[in-house]
Amino acid sequence: MSALLLQEMKWPEVKDYLAKDDRVIIPVGSTEQHGCWLPMGTDTFTAISLAEDASEKTGVMVTPPNWFGWSPHHMALPGTISIRPEILIELLYDEIESLAKHGFKNFITINGHRIVNLIWMQIAAERAQRKLGVKVVIFDPAYMQKEIADKLGFGAIGHAEESEGSEMMYKYSDLVDISKARDYVLGEAKLYHIDPRDRRDTLCYVPSTEEVTRKIAEISGGSIGHPSQASAEKGKKLYEHLVSRLVEVIEQLKK
8 MSALLLQEMK WPEVKDYLAK DDRVIIPVGS TEQHGCWLPM GTDTFTAISL AEDASEKTGV
68 MVTPPNWFGW SPHHMALPGT ISIRPEILIE LLYDEIESLA KHGFKNFITI NGHRIVNLIW
128 MQIAAERAQR KLGVKVVIFD PAYMQKEIAD KLGFGAIGHA EESEGSEMMY KYSDLVDISK
188 ARDYVLGEAK LYHIDPRDRR DTLCYVPSTE EVTRKIAEIS GGSIGHPSQA SAEKGKKLYE
248 HLVSRLVEVI EQLKK
């Protein structure tokens, strides 16, 4: 079965789909620096591939991806596009509202941009559920790694690191240049720990700044973590785990 992509369908085909299914997947990512070795679209590419592979397995429709997220701290490096969160909330809400008007009732949003996107996505999802009477699920790959990350030997979640890089090496190897990957690990913060896979995670989110990004770029090109340890083999295991979990979530919303 091929992925069912909304942008490739005619409206009568969408009507026929709605006669049998009310679920739809919305990939959400960002366009921002990912070090010297990963492409700007890494977060969105991840969300797209997960959505399309899950669609192939379930037959659930996928919308065009949201290519932009909230990335103010990465504006230090050229190519990054950051959209204000209040705009992103309205965009996602309007997408859901439009689709709900046509008859879609169950929405699976895939967050490729980790904790920075979660903030505004949760607001849009809550509002949509309250005002439109629909179900909105946020599937976050970072949280869904808990069962497998340690087995793969991944370090803490950072940015453009081993975890993200391994997935990209598996799915989009032609866009990756591992020879330019440079490691850099932030010092341990005792009062807060931000890693959804770690039991020490306090959800105490301390936003970064452009100044911090510039300093990191001088050391590692913009990566935080151990990108040099990324591999397609690890990426395959992680990716297959995420797809299987996403399929489970989608099937739970079946009519």
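Taking the working numbering, the leading residue of the sequence shown gets 8, the next gets one more, and so forth. Where a beta carbon is used, it is the ideal one built from N, C-alpha and C, also for glycine.
Within a Cβ cutoff of 7 Å, which residues of the same chain sit near residue i, ignoring the five residues on either side of it in sequence?
i    : result
E59  : A10, V69
K158 : none
S215 : H80
M128 : V35, L99, T116, N118, I145
I126 : P92
Tell me the rounded alpha-carbon separation between residue i and residue j.
i    : j    : result
Y179 : V21  : 30 Å
H81  : T87  : 6 Å
Y100 : C43  : 34 Å
K261 : L139 : 19 Å
M8   : G229 : 38 Å
Y246 : S56  : 9 Å
V183 : I257 : 30 Å
V219 : S105 : 39 Å
V192 : G232 : 5 Å
K108 : K17  : 17 Å
K222 : A188 : 16 Å
Y24  : I32  : 14 Å
V141 : K153 : 28 Å
A239 : P19  : 40 Å
S227 : I94  : 31 Å
D181 : Q259 : 35 Å
R137 : N124 : 20 Å
When DSSP labels each residue in this structure, what does residue i get in the three-state scheme?
i    : result
Y246 : helix
I164 : coil
T65  : helix
I155 : coil
F111 : coil
P85  : coil
V192 : coil
F52  : helix
H80  : helix
K22  : helix
V141 : coil
I32  : strand
L45  : strand
I122 : helix
L260 : coil
I94  : helix
R38  : The amino acid occupying residue 38 in the given sequence is Thr; Arg does not appear at that position. Looking at T38 - three-state DSSP - the assignment turns out to be strand.
Let me make sure I understand the geometry here. Which of the options has the alpha-carbon closest to that of residue i?
i    : options               : result
P92  : H120, K108, C43       : H120
I122 : I223, E15, P148, A107 : P148
I130 : I145, Y150, I96, S105 : I96
G66  : D29, T51, P34         : D29
N113 : I126, A135, N124      : A135
G165 : G242, P79, K241, D190 : D190
L12  : A26, P34, K27         : P34
A26  : G110, D181, L45       : G110
So, under 8 Å CB-CB, residue i and residue j are touching, yes? Tell me the CB distance rounded to an integer number of Å.
i    : j    : result
W77  : S89  : 6 Å
E169 : F161 : 5 Å
E225 : A83  : Between A83 and E225 the Cβ distance is about 11 Å, and since that is not below 8 Å, they are no contact.
K244 : I117 : Not confirmed; about 19 Å, so no contact.
I115 : V144 : 5 Å
A132 : I185 : The Cβ separation is near 36 Å, so there is no contact.
S37  : T51  : 7 Å
In its own chain, which residues sit with a C-beta less than 6 Å from the C-beta of residue i, not counting the 5 before and 5 after it?
i    : result
H41  : T49, A167
P71  : Q14
M151 : L249, R252
G242 : S173, E174, M176, Y177
S235 : A188, D190
Here's a check: name, in chain order, each residue in its chain whose Cβ is nearer than 8 Å to the Cβ of residue i, leaving out the five neighbours to either side.
i    : result
V254 : A61, K64, T65
M47  : T38, E39, Q40, H41, G86, T87
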